[in-house]
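So the sequence shown is numbered by my numbering: it starts at 6 and just counts up by one.
C-beta atoms are modelled at their ideal positions from N, C-alpha and C, and glycine is treated no differently.
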Amino acid sequence: MDKQLEIRRKVFHLLFGILLVFLIFYNFIGRLILAIIILASFLLLLLARKVNLPVISWCLRNFERPEIRKKFPGRGSLFYLAGAELSLLLFSKNIAMASIIILAIGDSIPNIVGMHFGRIRHPFSDKRFLEGAAIGIVIAAIAAHIFVVWYEALIASVFAVFLEGIDIKLGLEKVDDNLIVPLSAGIAITLIRMIT
């Protein structure tokens, strides 16, 4: 594993998510615009497999794992946008915002912290560390608390970050955690509201 590449990827992931939350929260983009962005991104990424597209090709070279670049370049970014779109479709805006910020932080910080300070392996993943998960949960919960009450933010962060550390498969394919994390966070908050 290229540690520098992974750190670049996770920092990009974090900043991309924060920007996305900002744009959605302040109504610069909504579900329709996001759907158009997903479609346009998909088409541009297909084209980038054959043609050098200056900004997109540079991003793929600098932020995408080589094995993914060959199979499905930009896959993570597309699923990230799809996870945000599904959150907006399925949940109220405040739950969607909390879910997307949990994705941004809960999928980035645990990996960055774990790479540097991790000692105790996640029980369900040999690539993750519990120290990273713990720090990720705390920071994700603090950020999600901007949009939902503290206990919803904390429970959703615990649930989502825990699931992020597990490889969930449909058939032989691993389900992208950029879908699992925001949807699991949104479902957790929705269930909490149903029982409280």
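Beta carbon of Leu86, beta carbon of Ile42: below 9 Å? In the sequence shown, counting from the first residue as 1, residue 86 sits at position 81. In the sequence shown, counting from the first residue as 1, residue 42 sits at position 37. Their beta carbons are under 9 Å apart, which means Leu86 touches Ile42 by this criterion.
Selected residue, minimal CA-CA separation from Ser5, among Asp172, Ala158, Ser97, Leu25: A query on residue 5 cannot be resolved here, the shown segment of the chain reaching from 6 to 201 and no further.
Phe134 (DSSP reduced to helix, strand or coil): To locate residue 134, count along the sequence shown from 1; it is residue 129. The answer is strand: DSSP assigns Phe134 an E or B state.
Boundaries (first-last residue) of the alpha helix (DSSP H) holding Pro78: As a working note, residue 78 is residue 73 in the sequence shown. Run containing Pro78: none; DSSP gives neither H nor E here.
Excluding the five sequence neighbours on either side, which residues of its own chain have a C-beta within less than 6 Å of the C-beta of Leu159, listed in chain order? Numbered from its first residue, the sequence shown carries residue 159 at position 154. Closer than 6 Å at the Cβ level, and outside the excluded window around Leu159, lie Ala146.
Starting from the N-terminal side, write out each stretch of the alpha helix (DSSP H) that is 4 residues or longer and does not extend beyond the segment 48–102. 59–68, 71–76, 80–95
Could you work out which residue in Ile23, Arg13, Ile197, Ile12 is closest to Ala109 when comparing CA atoms only? Within the sequence shown, numbered from 1, the residue matching residue 109 stands at position 104. For the residues Ile23, Arg13, Ile197, Ile12, the minimum Cα distance to Ala109 belongs to Ile23.
Kindly indicate which three-state DSSP category Leu218 falls into: helix, strand or coil? The displayed coordinates of the chain run from 6 to 201. Any statement about residue 218 would go beyond what the structure contains.
Per DSSP, which residues does Arg126 bridge with? Please list them. Translated into the one-based positions of the sequence shown, residue 126 becomes position 121. Phe134, per the DSSP bridge assignment.
Between the segment 32–40 and the segment 62–78, can you find at least three pairs of beta-carbon atoms closer than 8 Å? no
Check whether the Cβ atoms of Ser104 and Pro187 sit closer than 9 Å, and answer yes or no. Working through the sequence shown from its first residue, we reach residue 104 at position 99. Working through the sequence shown from its first residue, we reach residue 187 at position 182. Yes, the pair counts as a contact, with Cβ atoms nearer than the cut-off.
In three-state terms, what does DSSP make of His150? Within the sequence shown, the letter at position 145 stands for residue 150. Residue state, collapsed to three classes: coil.
State yes or no: is the C-beta of Phe17 within less than 9 Å of the C-beta of Phe84? Mapped onto the sequence shown, residue 17 falls at position 12. Mapped onto the sequence shown, residue 84 falls at position 79. Result no, Cβ atoms of Phe17 and Phe84 do not sit closer than 9 Å.
Cα-Cα separation between Val163 and Leu10, rounded to whole angstroms: On the sequence shown, residue 163 is found 158 positions in, with the first residue counted as 1. On the sequence shown, residue 10 is found 5 positions in, with the first residue counted as 1. Roughly 26 Å between the two C-alpha positions.
Would you mind working out which of Arg198, Ala193, Leu20 sits nearest Ser82, comparing C-alpha positions? Translated into the one-based positions of the sequence shown, residue 82 becomes position 77. When only C-alpha atoms are compared, the closest one is Leu20.
Between Leu28 and the rest of its own chain, which residues show a CB-CB distance below 7 Å, the 5 nearest in sequence each way excluded? Position 23 of the sequence shown, counted from the start, is the residue given in the question as residue 28. So the list reads Ile34, once near-sequence residues are dropped.
Measuring straight from C-alpha to C-alpha, what distance separates Glu136 and Ala165? Counted from its first residue, the sequence shown places residue 136 at position 131. Counted from its first residue, the sequence shown places residue 165 at position 160. Those two C-alpha atoms are separated by around 16 Å.
So what does DSSP say about Asn32, is it helix, strand or coil? Walking along the sequence shown from the start, residue 32 turns up at place 27. Coil, per DSSP.
Compare the beta carbon distance of Ile107 and Ile151 with 9 Å and say whether it is the shorter of the two. Position 102 of the sequence shown, counting from 1, holds the residue named residue 107. Position 146 of the sequence shown, counting from 1, holds the residue named residue 151. No, the pair does not count as a contact, with Cβ atoms beyond the cut-off.
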